[in-house]
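Chemist: Counting from 1, one number per residue, gives the positions in the sequence shown under full-length UniProt numbering. Using N, Cα and C, we set each Cβ at its ideal position, and we do this for glycine too. Pasting a structure here, questions to come.
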Amino acid sequence: MTKQASELKPVLFVVTSNAVKGATGIPTGFNLAEVTHPLEKLQAAGLQVEYASPLGGAAPLDGLEDMNDPVIARYWADADFRHAIAHTLCLDDVDPSRYSAIFFAGGHGTMWDFPDSVAAQKAIREIDAAGGIVSAVCHGPAALVNARRADGSLLVANKRVAAFTDGEEEEVQSTHVVPFLLASTLNERGAHHQNAANWADNVVIDGRLITGQNPQSAASLGEALRDALLA
1 MTKQASELKP VLFVVTSNAV KGATGIPTGF NLAEVTHPLE KLQAAGLQVE
51 YASPLGGAAP LDGLEDMNDP VIARYWADAD FRHAIAHTLC LDDVDPSRYS
101 AIFFAGGHGT MWDFPDSVAA QKAIREIDAA GGIVSAVCHG PAALVNARRA
151 DGSLLVANKR VAAFTDGEEE EVQSTHVVPF LLASTLNERG AHHQNAANWA
201 DNVVIDGRLI TGQNPQSAAS LGEALRDALL A
C-alpha cells in the first residue's frame, strides 16, 4: 500500500551556514543544484519541504551555480524559495518529530559545520529512531561521520553509502583544503563507501539511509527519497 503525500510530515532540508573554506579565505556555502534538484522531485509529488541550517537565517551559496540549468533558474526566480533559503530555521530550534525525513545538501561549506553539529546529530538520531529517512548528497554526508543511533552505535557503521569521492576532491584541487577526506572518513567510521567514476550519477540506498555522490546525483537522490517516502 502506498502513502499519499498529504499524509506525510515535511522533509527537512539542511544546508550549511559556513561561508569560508577554513583558513583559506576562499568563499563557499551550499550547492544550489543539490537543493533544487531533489526539491523539484519532492514538490512535484506533493511533498512538503522546510529548510534549516546550523546558524539559521540566510544560507551562503557556494558560487558554483549554473543559471543555465533550468531547474536552478526556475527556483532562483521563485520568490518563495528565495525567501525560504534567506530565512532558514536554526537547527537548534528544530523539533525533529515534525519531519518524516532529513536531507543534508552539499557544498564544501558543510565540511566545517556539519560534522560536529550537536543539533544535526540530534535530528538524525531522533528521525532515525522514529523510523524516518536520513539522506544526504555530495558533501552533505559530512553530517553523518559522527552521527549515532539511539543505541549509541555509529549511524553509518556497516552501511553502504555514497559521498563526494577522494578522487573528485583531488580533481577540484581541494584535497589539502578540506579538514578531512569525506569518503575515507566514512570508511573509517565503518561505512562501505560505494565509489563510482568521478561525476557519475551514483545513489546508494541502504534501508532508510539514502546517499548520493555529487551534484550529478542530486535529482536521482530526490527520486529515491520521494519513492521511499511514498512506498
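1) Below 7 angstroms between beta carbons: does that hold for V204 and S217?
2) With DSSP collapsed to three states, give me the class of Y51.
3) Can you check which of these residues, A105, A119 and G109, is closest to residue 317 by C-alpha distance?
4) Is the separation between the beta-carbon of N68 and that of C138 shorter than 7 angstroms?
5) Whole angstroms is fine: what's the gap from Y75's alpha carbon to R82's?
6) Please name the residue or residues paired with A101 in a DSSP beta bridge.
7) According to DSSP, is R149 helix, strand or coil?
8) Pull up the DSSP beta-bridge partners for G212, would you.
9) Taking 8 angstroms as the threshold, find out whether the region 95-107 comes into contact with the region 7-21 through three or more Cβ pairs.
10) Helix, strand or coil for V35? Go by DSSP, reduced to three states.
11) Would you mind working out which of L32, R98, A23 and S53 sits nearest F114, comparing C-alpha positions?
12) Where V35 and A150 are concerned, what is the direct C-alpha to C-alpha distance, given to the nearest angstrom?
13) Would you tell me roughly how many angstroms separate the C-alpha atoms of G63 and P27, rounded to the nearest one?
14) In whole angstroms, what is the alpha-carbon distance linking Y51 and L91?
15) With DSSP collapsed to three states, give me the class of F164.
16) Please identify the residue among D166, G212, R208 and R189 whose C-alpha is closest to the C-alpha of P178.
17) Find the nearest neighbour of L61 within the set G46, A33, P38 and A45, judged by alpha-carbon distance.
Modeler: In brief:
1) no
2) Y51: strand per DSSP, three-state reduction.
3) The question about residue 317 has no answer here: the residues shown for the chain are numbered 1 through 231.
4) No, the Cβ-Cβ distance between N68 and C138 is not below 7 angstroms.
5) 8 angstroms
6) V11 and I133
7) Collapsing the DSSP output to three states places R149 in coil.
8) V137 and V203
9) yes
10) Three-state DSSP puts V35 in a helix.
11) The option with the nearest alpha carbon to F114 is S53.
12) 28 angstroms
13) Taken atom to atom, the span from the alpha-carbon of G63 to that of P27 is near 8 angstroms.
14) 9 angstroms
15) coil
16) A small fix is needed here, since residue 178 is Val in this sequence, not Pro. Looking at the Cα atoms, D166 is the closest of the given residues.
17) A33
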